[in-house]
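To start, the structure under review is shown below, and the notes come after it.
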């Protein structure tokens, strides 16, 4: 059994804060601070340009990718870290379309993070030639998979409700229809067991700054099934994806492995923070994370439903059908969340009316969860959300 | 006159090193170390998700962009920082092509950094429909600009020889032929006076980690002439480019300013290092940088030619026709550069035979340059490049 008392000690959490927003930005692992400082002083400062070799910066995207691969059930050498999730999604999507013959439809759902729909809208618009994005309701996805679909592009966990798609079943359905399956694991990686190999996913992307705790805007990751590497060609390519970048050939010749998904020079300071943050996973079983996250979120859900009658559960009731978050609908959700945050419990809000709470056993215990419920109950009973100070909408939540 | 004794004090340079490779990776500005540590402790660690508002991370790409705008002669609000140069080039190129009607040719030259050619090759391949990249010799560019050209895509300073294109004249020629002009300023920004407005460039991209000293893999930048913003549409788009990202609309609606060139969540730790590094430019006149860089490089060139007969100048002899670097061809250039580096003078090597030296007055004085020549002369006289230890090729130089 994973020792969560030990893992909690690995993080720097501010005094008096209960953090239920690790699904948006994971907190600071102590090793990340030390590692970044070391890399600045001894890498950038001392080694200068030689750091690319001496400090292993050149291979860092692959090494970090391999560590993430272990968390998402992918073979070594099939994941690389770098760029943002959006940029990686674009690479994966255009690579998939390049291998889709005459098919023209990208199928997704209205529960997907809008960003992913934007990526697909603009990519298909730019490609022209009849390419298009078809968006259906999440529960209609399965029935919509047919022989017109080039790429099934889904996010496993709904960013608002936490609703979980069945990655393996939908991938199988896609393959049976001759389509390629591309998964966004932003709210999955580090939160629940994932087995990309068993699910037979073709491409996957995910986030470094949520459950992987890599820091604000940490590099994202991209997975490519070995048989697609160097064969399915992304529209976006650069020198770091070349088989031999430092030969400076005039013609592009993609790496035949996952390196073909690299593009430009990676942001090393952000990348080493992510690398250090992954140390936290040494000795952690992802199955234990899932078990504990369900215990925490179940207790939270039952308590909130019993004690905060104004809040309506927006997540699936069955914990097996949701990710590691629980959401509630509330008309004054934005103001209520601001009041809760002012009281030291940090969750977040998603328009129009979703109060969102993430459960992260690495640094969150049952006592935290029960205190959070107490504070939420207090906000609701005092109708703290009616205070004008909490009703002003900030740009980011 | 800029006080270069003062600016030199702003950098942490290793004892005994003469650094002639700031054109590849700028050294560590002391403020960058402090700023990153502060952002980790007080931003990520203390503010957690609230850092996006409280620490101004959300607006950081635009604020950093505005600071870079001042260095490249662009109006405020026309530059944003983020992604890699390659990704930005892809955005600019696909945006330009979207506004090019029936024209299909991207014109570039064989002196361009191969990465840029890769970006254009793969973008045009993916777009299909007859799009293609035409590569001519640098001296043939002007004559090759005709009515078939959609986009003239050039790097102002040749990464190997330092040869400078006439940005204003070539842009004028492109416009006269009805083409769009896209400039890569990787080896220009922070090295020489640039006036994007006066040159009437349509799009430009550039690097944060060379002459801007933003750290390894620092975020790059992209400029878009105001009349193109929100009108010319990049193939790559994401939520940070949406007019209102946090409304989470299902349809993409680009920001009408430079924000339309943002895509995903930016890597904040790398971005704050770049922001801090830009402090160095307070009180610095870019015209003084240019004057001093020419003094340094001219002296270096004359001394090397006089004292190192085996080396052949690969850069234009007229300093007005080159950027802030000088290159020499030498058959054993790789090994000679390794020997020079072992002796504390850091330049770099570009295949097949180019020894490259960058001149950066912010932290480099005439004494350094003369010592560097002494050491280079010594390497050549001792034929140190014949030592087997220096002949082993590393992956990055």
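Residue numbers (our numbering), protein chains in the order written: chain A, 3 to 399; chain B, 3 to 399.
Backbone N, C-alpha and C fix where the C-beta goes; we use that ideal spot for every residue, glycine too.
The Cβ neighbour count for residue 256 (chain A), taken over all protein chains shown within 10 Å, is at least 16; the residue is labelled buried.
Going by C-alpha positions, residue 189 (chain B) is about 10 angstroms away from residue 166 (chain B). The beta-carbon of residue 123 (chain B) is placed less than 8 angstroms from the nearest beta-carbon of chain A. Taking a beta-carbon distance threshold of 8 angstroms, residue 131 (chain A) counts as an interface residue toward chain B. Put simply, the backbone Cα of residue 102 (chain B) is about 57 angstroms away from that of residue 375 (chain A).
CA-CA distance, residue 99 (chain B) to residue 308 (chain A), rounds to 58 angstroms. When DSSP assignments are scanned along the region 85–167 of chain A, the uninterrupted stretches of alpha helix (DSSP H) that are 4 or more residues long and fall wholly within it turn out to be 87–100, 116–129 and 143–146.
By the rule that beta-carbons nearer than 8 angstroms mark a contact, residue 88 (chain A) touches chain B. Not a single C-beta of chain B is nearer than 8 angstroms to the C-beta of residue 149 (chain A).
Taking 8 angstroms as the CB threshold, residue 320 (chain A) stays off the interface with chain B. Our two residues, residue 251 (chain B) and residue 128 (chain A), have alpha carbons roughly 20 angstroms apart in a direct line. Contact of residue 371 (chain B) with chain A is not assigned, every C-beta pair being separated by 8 angstroms or more.
Cβ-Cβ distances below 7 angstroms link residue 139 (chain B) to 111 and 112 in the same chain, with the five nearest sequence neighbours on each side left out; the list follows chain order. Only those residues of the region 6–40 of chain A whose C-beta falls short of 8 angstroms from the nearest C-beta of chain B are listed: 14, 16, 19, 21, 23, 26, 27, 29, 30, 34, 35, 38 and 39.
Inclusion of residue 6 (chain B) and residue 294 (chain B) in the CB contact set at 8 angstroms is warranted, their separation being smaller than that value.
Within 7 angstroms of the CB of residue 254 (chain A), the CB atoms of chain B belong to 120, 123 and 124, in sequence order along the chain. One Cα belongs to residue 83 (chain A), the other to residue 319 (chain B), and the distance between them is close to 43 angstroms. Of all residues in the region 335–360 of chain B, only 343, 348, 350, 352 and 353 place a beta-carbon less than 8 angstroms from a beta-carbon of chain A. Remark: fewer than three beta-carbon pairs, one from each stretch, lie closer than 8 angstroms, so the region 220–237 of chain A and the region 141–160 of chain A are not flagged as touching. At least one CB of chain B lies nearer than 8 angstroms to the CB of residue 112 (chain A). The beta carbon of residue 201 (chain A) sits closer than 6 angstroms to the beta carbons of 169, 170 and 173 from its chain, once the five residues preceding and following it are set aside; these are given in chain order. If you check the CB distance, residue 210 (chain A) and residue 276 (chain A) come in under 8 angstroms. At a C-beta separation below 9 angstroms, residue 230 (chain B) has no neighbours in chain A, since its nearest C-beta there lies roughly 15 angstroms away. Contact of residue 277 (chain B) with chain A is not assigned, every C-beta pair being separated by 8 angstroms or more.
Taking the CA atoms as reference points, residue 344 (chain B) sits about 55 angstroms from residue 133 (chain A). When the five nearest sequence neighbours on each side are left out, the beta carbons in the same chain lying within less than 6 angstroms of the beta carbon of residue 361 (chain B) are those of 295, 298, 299 and 326, in order along the chain. When the Cα atoms are used, residue 390 (chain A) and residue 194 (chain A) turn out to be separated by approximately 39 angstroms. With respect to chain B, the C-beta atom of residue 163 (chain A) has no partner C-beta closer than 8 angstroms. For residue 48 (chain A), the nearest beta carbon of chain B is closer than 8 angstroms to its own beta carbon. One finds 23, 26, 27, 348 and 350 in chain B with Cβ atoms closer than 7 angstroms to the Cβ of residue 51 (chain A), taken in chain order. Among the residues of chain A, those whose CB is under 7 angstroms from the CB of residue 249 (chain B) are 353, following chain order. In the three-state reduction of the DSSP assignment, residue 31 (chain B) falls in the strand class. Contact annotation, residue 62 (chain B) with residue 268 (chain B): C-beta distance approximately 7 angstroms; criterion of less than 8 angstroms satisfied. Residue contact with chain B for residue 244 (chain A): present (Cβ-Cβ distance below 8 angstroms to some residue of chain B). For residue 377 (chain B), the enclosing alpha helix (DSSP H) stretches over residues 368–383. For a Cβ distance threshold of 8 angstroms, residue set 85, 86, 89 and 266 of chain B lies close to residue 85 (chain A), ordered along the chain.
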